[in-house]
Amino acid sequence: MNSLASDDVLDRVFRKARTYNSFIDRPVTRETLETLYGLYKWGPTSTNQQPLRVVWCVTSDAKERLAALCYAGNGAKVRAAPVAGILGMDEEFVRHLPRLFPHADARSWYGDDQALIRESAFRNSTLQAAYLIIAARLLGLDTNPMSGFDEAGVNAEFFKEGGVRVNFITTLGYGDPQTLYPRAPRFEFDEVNKLI
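323 is the number of the first residue of the sequence shown in the working numbering; add one for each residue after it.
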């Protein structure tokens, strides 16, 4: 378990991975989405709370409903993508803790502190969404995570039952390298890291 990943894997996940604005005409199947979930579900979250909830828009109708709630440029990306994902956070995740964290009474640690529960759902669903992006890259898929949508509208349209709120959205497919912009710069280590 302590061996280093190959350069090919490191390139695929980080060094050469890109955010794609457009995708080639290749479908993303349910089986691929299940394989994707089978990977990212193993990423750690606080008290194993797993608050990420994903609505995959795979039909033209579902993508159109989501696109209508996005800012113009994002709407066009959603319409053109093989799949668009609405990455939500379950703000009632504590009800599952007896099952997901059975070796301790983790439910009691949150009490009725709704601010703590919301903050934890946001933080850990974001963490899980990052695992999703990494898992997608490992499977040869590409993503375009984005804000730029009507949050209240997305919640009303796709999370009608309540308890779940949208965090962000992403498109998913096999990226079209012809549509890439030049690689954007990154900070150097000493610009954003401090050793104390």
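A virtual CB, placed ideally from N, CA and C, is assigned to each residue, including glycine.
Source: prediction; values computed, not measured.
- As DSSP reads the structure, T493 sits in a beta bridge with A406, N466.
- D333 is bridged by DSSP to nothing; it lacks a bridge partner.
- The C-beta separation of L449 from V350 comes to about 23 Å, leaving the pair out of contact by the 8 Å criterion.
- At a Cβ-Cβ threshold of 8 Å, V331 and G410 do not count as neighbours.
- If you draw a straight line from the Cα of A478 to the Cα of E413, it comes to about 15 Å.
- When the five nearest sequence neighbours on each side are left out, the beta carbons in the same chain lying within less than 8 Å of the beta carbon of G495 are those of Y342, F345, I346, R348, V350, A403, P404, V405, L463, D464, in order along the chain.
- Using a Cβ-Cβ distance cut-off of 8 Å, the segment 495 to 508 and the segment 414 to 422 are not in contact, since fewer than three pairs of beta carbons, one from each stretch, lie closer than that value.
- The shortest CA-to-CA distance from K399 to any of M468, L355, L517 is the one to M468.
- The continuous alpha helix (DSSP H) containing R429 extends over residues 428 to 432.
- Where L517 is concerned, there is no enclosing alpha helix (DSSP H), because DSSP gives it neither an H nor an E.
- Looking only at S325, L326, R340, the smallest Cα-Cα distance to P499 is reached by R340.
- Judged by DSSP in its simplified three-state form, R352 adopts helix.
- Within the DSSP secondary-structure output, V377 pairs in a beta bridge with I408.
- Here F444 carries a helix assignment [DSSP, helix/strand/coil].
- Residue pairing by DSSP leaves F480 without any beta bridge partner.
- Between the segment 449 to 461 and the segment 380 to 398 there are fewer than three C-beta pairs closer than 8 Å, too few to call the two in contact.
- Between L388 and I491, the gap from beta carbon to beta carbon is short of 8 Å.
- When C-alpha distances from V377 are compared across K482, K338, G497, the shortest belongs to K482.
- Taking the CA atoms as reference points, R440 sits about 22 Å from P424.
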